[in-house]
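The structure appears below as structure tokens.
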Amino acid sequence: MTGSRAPEMAQILSPARQGRAKVQDRRIRMLVFLSIGSAALIGWAYLGAMVSAMVPVMDMADLGPGMQILNSFNVFHGLSADARAALAVLCLPAGFETFGMPAASHWTATDFGLVFAMWVMMTLAMMLPSAAPMISAYAETAAANAETKVSSIFAVSFGYLSVWMVYALVATVGQWLLVEARLLSEMMAPATMVFAGTTMLAAGVYQFTPAKKACLMRCRRPLEFFAMRFSSRVSRAYILGNEQGLLCLGCCWALMTVMFAVGVMNIFWIALLGAFMALEKSISSPWPSRLIGLLLLAWGSAVIAASPAGQGLLAG
925 MTGSRAPEMA
935 QILSPARQGR
945 AKVQDRRIRM
955 LVFLSIGSAA
965 LIGWAYLGAM
975 VSAMVPVMDM
985 ADLGPGMQIL
995 NSFNVFHGLS
1005 ADARAALAVL
1015 CLPAGFETFG
1025 MPAASHWTAT
1035 DFGLVFAMWV
1045 MMTLAMMLPS
1055 AAPMISAYAE
1065 TAAANAETKV
1075 SSIFAVSFGY
1085 LSVWMVYALV
1095 ATVGQWLLVE
1105 ARLLSEMMAP
1115 ATMVFAGTTM
1125 LAAGVYQFTP
1135 AKKACLMRCR
1145 RPLEFFAMRF
1155 SSRVSRAYIL
1165 GNEQGLLCLG
1175 CCWALMTVMF
1185 AVGVMNIFWI
1195 ALLGAFMALE
1205 KSISSPWPSR
1215 LIGLLLLAWG
1225 SAVIAASPAG
1235 QGLLAG
């Protein structure tokens, strides 16, 4: 009799076990996404602290287009460009440091560390939110295979972030080279209009390349990617995150580089570009990418045309 009741008990317990498994899956995914959201907030908090430290003592217009709005909160509001420049020398003498900013035009090891930390926080703030669908797709695939593990979901996330940490290091070295070449000011804004314009043109052209299209298409379909390659092993999950990070890098590196054209610490453009990259990955239409490409091409051309070199060419 006991043996005859065993299949019946199994049928009764199976839905209960499935229910508990679903609850556990939801809790794990909530934990992961709370952690991701917290990391993104840390990035924004760090960048916000940098900007807050600059506002009282800097002419915020020097940080790039749009940042002059923040002069409403300091003594530079309503002054002419010459007056702001003279006042900036008094408010921010040579060697004066604000939170997170390199203090000198010739960087020390500390300055390298500060700029690297800034780029890391920018990647957390800009790239983690757009990675949420990818991480969710891995968690969904894991649940479908009844192999949901906190460690493997975090491994995918860390694998993705590792790629962007390398990008942050490359961007730091690139920023140092630009500062040394005097193409980037100490305020981390473009020193010449030609440099700003050509950077925008390059980013605009990339929006129409096959590499951009291929990477973006794969970024939009993470569920298919994980369905074919899924593994719950931590080491393999980390590699899967690396692969997704590389696809995202191939999709977004040019737009991230636009920060050199609009001011590396331009908080408004950090938010705008981050939102656009998230939107671009979530909409299947090619038009968002084409539209930003056209806008960058038009803006870059206008900036170059308005530069002294461009004016000289047009006059000649």
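The opening position of the sequence shown corresponds to residue 925 in my numbering, with each subsequent residue numbered one higher. Glycine is no exception: its CB is placed at the ideal position from the N, C-alpha and C atoms.
When you compare only the Cα positions, how much space is there between residue i and residue j?
| i | j | result |
| --- | --- | --- |
| S1060 | R953 | 8 Å |
| S976 | E1071 | 45 Å |
| M1058 | M1089 | 18 Å |
| V999 | M984 | 11 Å |
| V956 | A1120 | 38 Å |
| W1031 | L1101 | 10 Å |
| V1039 | M1046 | 10 Å |
| A1041 | A1239 | 44 Å |
| M982 | Y1162 | 42 Å |
| S1159 | V1103 | 39 Å |
| I1191 | L1164 | 31 Å |
| R1214 | W968 | 28 Å |
| A1056 | G990 | 29 Å |
Got a sec, what are the start and stop residues for the alpha helix (DSSP H) residue i sits in?
| i | result |
| --- | --- |
| V1186 | 1183-1186 |
| I1216 | 1211-1230 |
| A1113 | From DSSP, A1113 is part of no alpha helix (DSSP H); its letter is neither H nor E. |
| V1086 | One point to set straight first is that residue 1086 is Ser, not Val, in the sequence displayed. Counting along the chain, the alpha helix (DSSP H) containing S1086 begins and ends at 1074-1104. |
| T1133 | From DSSP, T1133 is part of no alpha helix (DSSP H); its letter is neither H nor E. |
| M1046 | 1033-1068 |
| S1206 | 1191-1206 |
| R1153 | 1146-1153 |
Leaving aside the five residues before and after residue i along the sequence, list all residues of the same chain whose C-beta is less than 7 Å from its C-beta, in chain order.
| i | result |
| --- | --- |
| S959 | none |
| A1127 | A1178, L1179, T1181, V1182, L1220 |
| G1236 | none |
| W1043 | A1092, A1095, T1096 |
| P1026 | D1035, L1038, V1039 |
| A1185 | P1114, A1120, T1123, M1124 |
| P1212 | L1203, E1204 |
| T1022 | A977, M978, V981 |
Which same chain residues end up closer than 6 Å to residue i when comparing Cβ atoms and leaving out the 5 residues on each side of it in sequence?
| i | result |
| --- | --- |
| Y1130 | K1136, A1178 |
| L1107 | A1115, F1119 |
| M1111 | D986, L987 |
Compare the Cα-Cα distances from residue i to each of the options and report the closest residue.
| i | options | result |
| --- | --- | --- |
| S1076 | G1236, R1157, Y1084 | R1157 |
| L1147 | P980, Q1168, F997 | Q1168 |
| R1142 | K1205, F1184, L1085 | K1205 |
| S1054 | Y1084, H1001, Y970 | Y1084 |
| G972 | M1189, A1068, M1124 | M1189 |
| A1271 | M974, C1172, F1154 | Only positions 925 to 1240 of the chain appear in the structure, and residue 1271 is not among them; the question remains open. |
| I1207 | L1140, A1226, I966 | L1140 |
| P1210 | L1171, I1228, T1133, G1224 | T1133 |
| I1194 | V1087, S996, L1048, R1144 | L1048 |
| A964 | Q992, V1074, L1052, L994 | L1052 |
Who are the Cβ neighbours of residue i in its own chain at under 8 Å, not counting the five residues just before and after it?
| i | result |
| --- | --- |
| A1151 | T1065 |
Using 8 Å as the Cβ pair cut-off and three pairs as the minimum, do the region 1079-1096 and the region 1192-1204 touch?
no
Count the CB pairs spanning the region 1222-1232 and the region 1102-1120 that are closer than 8 Å, and state whether there are at least three.
Yes: at least three Cβ pairs fall under 8 Å.
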